[in-house]
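Only one structure is covered here, and it is reproduced in the block below.
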Amino acid sequence: MTIKNLLEILQCPGCNTGELRLSSEGNILTCTSCNAIYPVTENIPSFIVQKEDSSPVASEIHKHQGTAFDYIDHYQKDAKEYDYFAVRDNETEHTDRRVREYIASYITAGNGRILDTGCGKAWVSELFCPKGYTVVSMDISVENTSRALKKFPFPNHAAVVGDAYALPFKENSFDYIIASEVIEHVVNPGIFIQKLFRVLKPGGILLITTPYKEKLAWSLCIHCNRPTPFNAHLHSFDEHKLQSLYSGKDLKKFE
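Start counting the sequence shown at 3; every next residue gets the next number (the working numbering).
Next up, the structure:
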């Protein structure tokens, strides 16, 4: 999918109002309201911005240790050192397959637009693009989005470098949003969910999966050499904690 096909749903994440105009060379997007500029590389726009609400305060688990967590820097470095596309061990592959099957059971319409938040190895595009869905793979990492588009070059697949706290999309843009094994990594899960619902169409489906009642352990981060929860999991969830983040929504439990 070309960047031109994405323009109808893109919005400046800096001012949250502006339409985006593509340069004649196809390598720059400019906001028509605030004149912010966003680069486009290999058909992938990058929308990493620093806003007051895009860099929330440190999570409670970091406050307890007296450390901070720059999640943008962490995950951009992480994708350079960790191969998200590598084949996992049998146990992990089995667990991943169960999660994918669970998610797929809720996406049966045969068409629609899907946002894959924190796309990682981009399995969502691999599974749903051949079925006729349009998939936008979004990750905070240039490496993951670039590899996703190269590995799965479907005409109905697009990729965006972006931050869930500052989504570069207009309201009501997606029929489905998938956030698989992501929410445990974010500093403020409540804000994270609110941002996702903003770009979800009325009647759309938000699918969140996360480890269940995980016991959080500590290790030294390989990037900053500071105490950080293992795998950068900042939170442990059960169905009650998830439900409390967005009252009135029917958030399902997966075991």
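The C-beta atom is built at its ideal place from N, Cα and C for all residues, glycine as well.
Exposed or buried, what is residue i when buried is set at 16 or more other beta-carbons lying within 10 Å of its beta-carbon?
{"i": "Y108", "result": "exposed"}
{"i": "N146", "result": "buried"}
{"i": "T211", "result": "buried"}
{"i": "G205", "result": "exposed"}
{"i": "E186", "result": "buried"}
{"i": "A111", "result": "exposed"}
{"i": "G120", "result": "buried"}
{"i": "N158", "result": "buried"}
{"i": "D240", "result": "exposed"}
{"i": "K153", "result": "exposed"}
Measuring alpha carbon to alpha carbon, tell me which of the options ends up nearest residue i.
{"i": "P47", "options": "K6, G206 and P191", "result": "K6"}
{"i": "L24", "options": "K197, P15, N45 and N18", "result": "N45"}
{"i": "T4", "options": "V137, E21, R99 and W125", "result": "V137"}
{"i": "S127", "options": "I142, Q196 and R149", "result": "R149"}
{"i": "T97", "options": "E173, C36, S182 and L151", "result": "S182"}
{"i": "R200", "options": "G192, S175 and P191", "result": "S175"}
{"i": "L31", "options": "T19, C14 and K153", "result": "C14"}
{"i": "G16", "options": "I39, G28 and L8", "result": "I39"}
{"i": "L129", "options": "S246, V144 and P155", "result": "P155"}
{"i": "N190", "options": "N29, L202 and D165", "result": "D165"}
{"i": "V144", "options": "V42, E10 and N29", "result": "V42"}
{"i": "Y135", "options": "I142, K197 and N113", "result": "N113"}
{"i": "I50", "options": "P170, S246 and G192", "result": "P170"}
{"i": "R115", "options": "I207, L247 and L244", "result": "I207"}
{"i": "L236", "options": "A168, V184 and E10", "result": "V184"}
{"i": "G192", "options": "D141, Q245, V101 and A160", "result": "Q245"}
How many Å lie between residue i and residue j at the Cα?
{"i": "T94", "j": "S35", "result": "46 Å"}
{"i": "K133", "j": "E103", "result": "15 Å"}
{"i": "V188", "j": "L209", "result": "16 Å"}
{"i": "I180", "j": "S26", "result": "33 Å"}
{"i": "T19", "j": "D91", "result": "45 Å"}
{"i": "K123", "j": "S139", "result": "10 Å"}
{"i": "H242", "j": "L202", "result": "22 Å"}
{"i": "Y178", "j": "C131", "result": "13 Å"}
{"i": "L12", "j": "F194", "result": "19 Å"}
{"i": "N37", "j": "L22", "result": "9 Å"}
{"i": "E10", "j": "I142", "result": "21 Å"}
Going by DSSP, which residues form a beta bridge with residue i?
{"i": "E46", "result": "What sits at residue 46 in the sequence shown is Ile, not Glu. Answer is T43, bridged to I46."}
{"i": "C17", "result": "In DSSP, C17 forms no bridge with anything."}
{"i": "T32", "result": "R23 and I39"}
{"i": "L12", "result": "F171"}
Requested in this report: Could you name each continuous beta strand (DSSP E) segment of 3 residues or more that falls completely within the region 102–183, going from the start of the chain to the end?
Outcome: 115–119, 136–141, 159–163 and 176–182
Query - Residue ranges of each beta strand (DSSP E) within the region 188–213, 3 or longer - result: 202–211
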